[in-house]
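*Asks:*
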Amino acid sequence: MCSQKITVNLENNSYDIHVGMGLLDKAGELIAPVLSRARTVIITDTNVAHHLLPRLEKSLSQAGITFDTIILPAGEATKSFEQIEYLLDQLLSLKLERKDKIIAFGGGVIGDLAGFAASIYLRGIGFIQIPTTLLAQVDSSVGGKTGINSPRGKNLIGSFHQPDLVLTDVSTLDSLDTRQLRAGYAEVVKYALIGDRVFFNWLEENGQKIIAGDPETRTQAILTCCRAKAAIVAEDEKEAGKRALLNLGHTFGHALEAEAGYSDHLYHGEAVAIGLCLAFDLSAKMGLCPGEDAVKVRQHLEQMTLPTRISKTNHPISQINMTAAQLLDHTRHDKKMSDGRVTFVIASAIGKAFLSTEINPEDVRHLFQVAID
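Under our numbering, the letters of the sequence shown match residues 1 to 373, in that order.
#1: Which two residues bound the contiguous beta strand (DSSP E) that contains Asn155?
#2: Kindly identify the DSSP beta-bridge partner or partners of Asp398.
#3: Rounded to whole angstroms, how far is the Cβ of Gly111 from the Cβ of Ser141, which I believe are closer than 8 Å?
#4: Can you list, in chain order, the residues of its chain whose CB lies under 7 Å from that of Ser3, leaving out five sequence neighbours each side?
#5: Let me know the secondary structure DSSP gives Lys26 once reduced to three states.
#6: Looking at C-alpha atoms only, which residue of Ala63, Ile103, Arg298, Thr305 is the closest neighbour of Leu167?
#7: Which residue or residues does DSSP assign as beta-bridge partners of Lys352?
#8: Can you find the residues in the same chain that come closer than 6 Å, C-beta to C-beta, to Arg341, ignoring five residues on each side of it along the sequence?
#9: In angstroms, rounded to a whole number, what distance separates the CA positions of Ala258 and Gln62?
#10: How far does the alpha helix (DSSP H) with Lys229 in it reach, from first residue to last?
#11: With DSSP as the reference, label Ile310 as helix, strand or coil.
#12: What residues in its chain sit with their C-beta under 7 Å from that of Pro361, if we drop five residues either side in the sequence?
#13: Kindly say whether Gly261, judged by its beta-carbon, lies nearer than 8 Å to any beta-carbon of chain C.
#14: Just to confirm the assignment, what range does the alpha helix (DSSP H) spanning Asn206 have?
#15: Counting C-beta neighbours from all protein chains within 10 Å, is the total for Arg218 16 or more, i.e. buried, or is it exposed?
#16: Quick one: what's got a C-beta closer than 7 Å to Ala349's C-beta in the same chain, skipping five residues either side?
#17: For Ser80, which residues from the same chain have a beta carbon less than 8 Å from its beta carbon, with the 5 sequence-adjacent residues on both sides left out?
#18: For Glu29, which of Ala240, Leu165, Val198 has the nearest alpha-carbon?
#19: Pick from Asn201, Ser263, Val188, Thr343: whose alpha carbon is nearest that of Ala240?
#20: Can you give me the Cβ contacts of Lys190 inside the same chain, cut-off strictly under 7 Å, excluding the 5 residues immediately before and after it?
#21: Could you give the C-beta distance for Ser175 and Thr132, rounded to a whole number, given that I count them as a contact under 8 Å?
#22: According to DSSP, Ala104 sits in a beta bridge with which residue or residues?
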């Protein structure tokens, strides 16, 4: 299967996304042209290092690129002040120069953390994304959002810093367990719910193939999502308007993640799955969206074995005590606050999402309560 290229067209710093099978073994030859000198640093985590790091290191060596490797703990908790300080100190000790670039090799956590480090190291150096999870391949590796979490909320400290190149090797998904794949699938569904009803219908037919490992189906889904995101980012790079649609389900989901302590009790994509259901439930409750569409969203996510409620599940999230009031309070720390009001992404139908600040907090609290009970 040949690789395909998507270009993110920006006023400054446009870049390419390469998607295909086996790209990791060609990484050196693809990366070499964007390096100012044959020197880089790989930033990864313990899981990716165990499964995939030798392939990347071999490819870089074959291309004559020297490198150091920094291995961080796996998991959402790594997106912290402690780890960004450690990472920056390691980069300083390696004496990277401003013209150098680093490689973020891993899922969304590594991409966000390494990208943030690149944005502030020596006031900004370049970086390359090599995403290894479905979530990162369809979403977080594209668009230049970088950052870390705060106890007050997810991704509240960060910057916009576009990568110089994205290499998406679909075969790296074979190293993931089923739970991680399903969590990433929630972000795939998000793109369909935002603006592509035809894609949602396709996912209803093909979603299980994505999880099962069919390479052509996985590649098609990744390309569809990346093209959609590239178009939105090109139109609204710094999230001044339309790009906020990409947060469908995330205001709810980030509140859940905060209450879960950014732990493995709830993966980001799992929180998004619950959030997508709540966003459509809210839309239906407000009379904006047909109730049958909200039901259809929930049914599809349940068919994909994703959590759609906090309670009545064997999922680890059910072990955490949380209240609707606490969850509502987390939404008030959302980055999209404007004049003291939270901007929610809601929908008039599957494939028709829009932004609104005219949301009754009591409706949100009620939905959280229903999800808990």
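Note that beta-carbon positions come from the ideal geometry of N, C-alpha and C, so glycine has one too.
*Replies:* In terms of the structure at hand:
#1: Here residue 155 is taken as the residue at index 155 of the sequence shown, counted from 1. Note, Asn155: beta strand (DSSP E), 153 to 160.
#2: With the chain represented from 1 up to 373, any question about residue 398 goes unanswered, as that position is not in the structure.
#3: Sequence index remark: in the sequence shown, residue 111 carries index 111 (1-based). Sequence index remark: in the sequence shown, residue 141 carries index 141 (1-based). That belief holds up - the Cβ atoms of Gly111 and Ser141 are roughly 5 Å apart, short of 8 Å.
#4: Reading the sequence shown from its first residue, position 3 is the one you call residue 3. The answer, listed in chain order, is His18, Val19, Gly20, Leu23.
#5: Your numbering for residue 26 matches position 26 in the sequence shown. Note: Lys26 maps to helix in three-state DSSP.
#6: In the sequence shown, counting from the first residue as 1, residue 167 sits at position 167. The candidate whose alpha carbon is nearest that of Leu167 is Ile103.
#7: In the sequence shown, counting from the first residue as 1, residue 352 sits at position 352. In DSSP, Lys352 forms a bridge with Ala349.
#8: Along the sequence shown, one-based indexing puts residue 341 at 341. The answer, listed in chain order, is Thr357.
#9: As a working mapping, residue 258 is identified with position 258 in the sequence shown. As a working mapping, residue 62 is identified with position 62 in the sequence shown. For Ala258 and Gln62, the distance between alpha carbons rounds to 43 Å.
#10: The residue given as residue 229 occupies position 229 in the sequence shown. Residues 215 to 235.
#11: To locate residue 310, count along the sequence shown from 1; it is residue 310. In the three-state DSSP reduction, Ile310 falls in the coil class, being neither helix nor strand.
#12: For the purposes of this step, residue 361 is taken as residue 361 along the sequence shown, with counting starting at 1. Closer than 7 Å at the Cβ level, and outside the excluded window around Pro361, lie Leu328.
#13: In the displayed structure, chain C is absent; only one protein chain is listed.
#14: Your numbering for residue 206 matches position 206 in the sequence shown. Where Asn206 is concerned, the enclosing alpha helix (DSSP H) stretches over 197 to 212.
#15: Walking along the sequence shown from the start, residue 218 turns up at place 218. It is buried - the Cβ of Arg218 has at least 16 other Cβ atoms within 10 Å.
#16: For this step, residue 349 is matched to residue 349 along the sequence shown. Cys289, Pro290, Asp293.
#17: As a working mapping, residue 80 is identified with position 80 in the sequence shown. Here the set comprises Ile148, Asn149.
#18: Along the sequence shown, one-based indexing puts residue 29 at 29. The residue with the shortest Cα to Cα distance from Glu29 is Leu165.
#19: Position 240 of the sequence shown, counting from 1, holds the residue named residue 240. Out of Asn201, Ser263, Val188, Thr343, Thr343 has the C-alpha closest to the C-alpha of Ala240.
#20: The residue labelled residue 190 in the question sits at position 190 within the sequence shown. Here the set comprises Leu248, Gly249, Val272, Leu276.
#21: Here residue 175 corresponds to residue number 175 of the sequence shown, with the count starting at 1. Here residue 132 corresponds to residue number 132 of the sequence shown, with the count starting at 1. Yes, they are in contact, since the Cβ atoms of Ser175 and Thr132 sit about 7 Å apart, within 8 Å.
#22: Numbered from its first residue, the sequence shown carries residue 104 at position 104. The partner list for Ala104 (beta bridge, DSSP) reads Ile43, Gln129.
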